[in-house]
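Residue numbers (the working numbering): 3 to 121. Have a look at the structure below, then the notes.
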Amino acid sequence: MRALDFDRFSYTYPGKDEPALREVSLTVEPGEFVVCTGLSASGKSTLLRAASGLIPHFHGGAASGHVIVGGLDTREHGPGDLARVAGTLLQDPETQVVMQTVGAELAFPLENRGLSRAA
């Protein structure tokens, strides 16, 4: 099973005429390390939003094609399901890290999923 598979994925944000992503095909195999780089407004964040299920479940807009993450189709599985198999590390940790210690930061998403700190 592939870790990530975009198959001719296109996405247009609500209220926009031009797609942010057009016919993207990308495969990431298990164990591969991938860095997504590019100019501002080139679609990096949109690509990651699609891989995390925020697109189409949170942002709305028009999407076509397929995104499969850890065997889960993002059209059928939302961010909660996908968080079990994938995560996103953004370029500015100060806007992403919310807790004071590493332990508390690691416990935070588990607690949000209803698991105890002991888990």
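Glycine included, each C-beta is placed from N, C-alpha and C at the ideal position.
Per DSSP, Asp9 lies in no alpha helix (DSSP H) segment; the continuous beta strand (DSSP E) that holds it begins and ends at 6-14. Residue ranges of uninterrupted beta strand (DSSP E) with 3 or more members, entirely inside the segment 16-100 and ordered along the chain, are 23-30, 64-71. DSSP places Leu108 in the helix class (H, G or I) of the three-state scheme. By the neighbour-count definition (other C-beta atoms within 10 Å, threshold 16), Thr29 is an exposed residue.
Using a Cβ-Cβ distance cut-off of 8 angstroms, the segment 79-90 and the segment 47-59 are in contact, since at least three pairs of beta carbons, one from each stretch, lie closer than that value.
With a 10 Å radius around the Cβ and a threshold of 16 neighbouring Cβ atoms, Pro111 comes out exposed. A straight line joining the alpha-carbon of Gly40 with that of Pro58 spans about 22 angstroms.
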